[in-house]
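This report refers to the structure that appears directly beneath it.
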Amino acid sequence: MEKERDFYFDNLKAVLIFLVVLGHFLLPIHGKSFLVVIKRLIYVFHMPLFVFVSGYFSKKIYRDGQYNFKKILYLIKAYIIFVVAIQLVYAVCGFRSFREINFFSQSGAPWYLFAMIVWYLMIPVIRKCKPLPVLAVNVVLALIAGYFKGIGDFLCLSRILVFGPFFFLGYYMDQQTLQHALRKEYKKIVVPSAVLICACILAFGGILKDELHMVYENISYYELESYWSGPLVRLSLMIAAFIISWAILFYIPKGKTCISFIGQHTMPVYMLHRILRDVLMFAGIYDYLGEWGWFTLFVLICLSICVVYAFANDKVAKPLNRILAIK
């Protein structure tokens with residue numbers, strides 16, 4: 050008998066994959082548009098929370114001295130296919146030679162799959178350690194990493210270090226602790242705090258351009274006007290991500306909804322939407338959307354919803370999952 054799914058997390062993953070898609074559709078938009086500020090607000094919290102969820106479900110990767118190698122091989126296969134597919138799109142569109150493909154340095158969407166492999170491989174090292182020391186060490190490493198220019202896209206090292214605390218927080222989190230964190234007395238503090246943070250980012254996002262640029266987490270502190278403030282900027286963004294993510298968790302439906310099925314097929318959506326985004330970008334869609342303000346946001350939200358529903362559909366998701374499956 051098939052175990053009933055946890056619809057709470059299916060719904061959460063559905064919301065997050067929509068934000069991932071919308072964030073990637075907003076990513077090519079630059080300049081002084083308010084869309085850039087909205088994009089950066091999304092990037093403050095959507096991947097930290099996604100990484101937290103990945104950590105939460107990583108407990109079965111290593112048990113009784115045995116790895117779930119199928120899951121790791123699945124990620125390796127998905128990573129290779131994803132990198133090749135993106136490089137092919139760039140090559141066909143004439144923006145990059147296919148011979149320039151690099152499996153060891155990724156600044157785009159495939160970084161997440163590579164990082165997951167690394168985090169999974171670290172589980173035997175940290176599984177018997179107490180959570181607080183592990184989290185503290187990971188936060189310190191994340192803050193120090195920004196001072197080293199060599200820690201960037203190579204081996205996705207910058208993002209592995211910076212998002213690592215969220216993965217291990219999820220790994221150590223159990224259902225009882227999560228339920229305790231979602232009590233009403235916490236909601237009264239966390240939600241207003243998250244709203245205030247979001248309001249500040251939206252209000253001052255244009256002024257704090259360099260600081261908010263750090264949300265992509267593969268940039269060194271030397272990009273800032275004062276690189277000595279780098280750790281404070283990064284720590285502030287990590288705290289903001291934590292609080293906003295916590296606030297979102299209060300509003301996720303616990304039962305089955307019309308979006309629950311999307312949470313079961315996030316990998317196909319994650320991979321296919323990025324390829325579609327690149328095709329549309331090279332086709333010149335942003336030449337028409339870039340300066341339209343609120344209408345552009347409306348169009349991209351509608352497009353993101355359609356893309357998520359289309360790629361999470363069984364007719365699309367299942368064939369890709371069969372390709373990625375390790376028998």
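All residue numbers for the sequence shown refer to our numbering, where the first residue is 50 and numbers rise by one. Beta carbons: idealized from backbone N, C-alpha and C, even for Gly.
- Separation of valine 211 and glycine 199 (C-alpha to C-alpha, rounded to the nearest whole angstrom) is 15 Å.
- Runs of the alpha helix (DSSP H) lying entirely within the region 192-217 and spanning at least 4 residues: none are present.
- Glutamine 155 sits in coil when the DSSP states are folded into three classes, being neither helix nor strand.
- When secondary structure is reduced to three states using DSSP, arginine 54 falls in the coil class, being assigned neither helix nor strand.
- Judged by DSSP in its simplified three-state form, tyrosine 116 adopts strand.
- Counting the other CB atoms within 10 Å of its CB gives isoleucine 297 a total of 16 or more, which places it among the buried residues.
- Its chain contains Asn60 as the residues whose beta carbon lies nearer than 6 Å to that of threonine 306, once the 5 sequence neighbours on both sides are disregarded; these appear in chain order.
- The alpha-carbon of isoleucine 175 is positioned some 16 Å away from that of valine 189.
- In this structure, Ala289 is the residue among Ala289, Gly254, Ile268 with its C-alpha nearest to the C-alpha of phenylalanine 215.
- Residue burial is scored here from C-beta neighbours: serine 154 has fewer than 16 other C-beta atoms within 10 angstroms and is therefore classed as exposed.
- For valine 100, same chain residues with a beta-carbon under 6 Å away, outside a window of 5 residues either side, are Phe212, Phe215, Phe216 in chain order.
- Just measuring C-alpha positions, the residue of Leu181, Arg89, Tyr123 sitting nearest tyrosine 169 is Tyr123.
- For valine 239, the CB contacts under 8 Å within the same chain, skipping 5 residues up- and downstream, are Ile292, Trp295, Ala296, Phe299 in chain order.
- Taken in chain order, the unbroken stretches of alpha helix (DSSP H) that lie wholly in the region 268-356 and span 4 residues or more are 279-298, 315-331, 334-338.
- In this structure, tyrosine 92 places its C-beta atom within 7 Å of the C-beta atom of glycine 72.
- Glycine 195 places its beta carbon less than 7 Å from that of glycine 279.
- In the DSSP assignment, tyrosine 111 is bridged to Tyr116.
- In this structure, the beta-carbon distance from glycine 254 to valine 86 falls below 7 Å.
- Exclusion of the five residues before and after methionine 330 leaves Pro77 as the residues of its chain whose Cβ lies within less than 7 Å of its Cβ.
- Per DSSP, the unbroken alpha helix (DSSP H) holding histidine 95 starts and ends at 83-105.
- Here the C-alpha atom of serine 269 lies approximately 7 Å from the C-alpha atom of phenylalanine 197.
- Exclusion of the five residues before and after alanine 140 leaves Ser146, Phe147 as the residues of its chain whose Cβ lies within less than 8 Å of its Cβ.
- Look at phenylalanine 144 here: in three-state DSSP terms it is coil, with no helix or strand label.
- With respect to alanine 164, isoleucine 129 sits apart: the two C-beta atoms are not nearer than 7 Å.
- Excluding sequence positions up to five before and after leucine 369, its CB lies within less than 8 Å of the CB of Met316, Pro317, Met320, Leu321, all in the same chain and listed in chain order.
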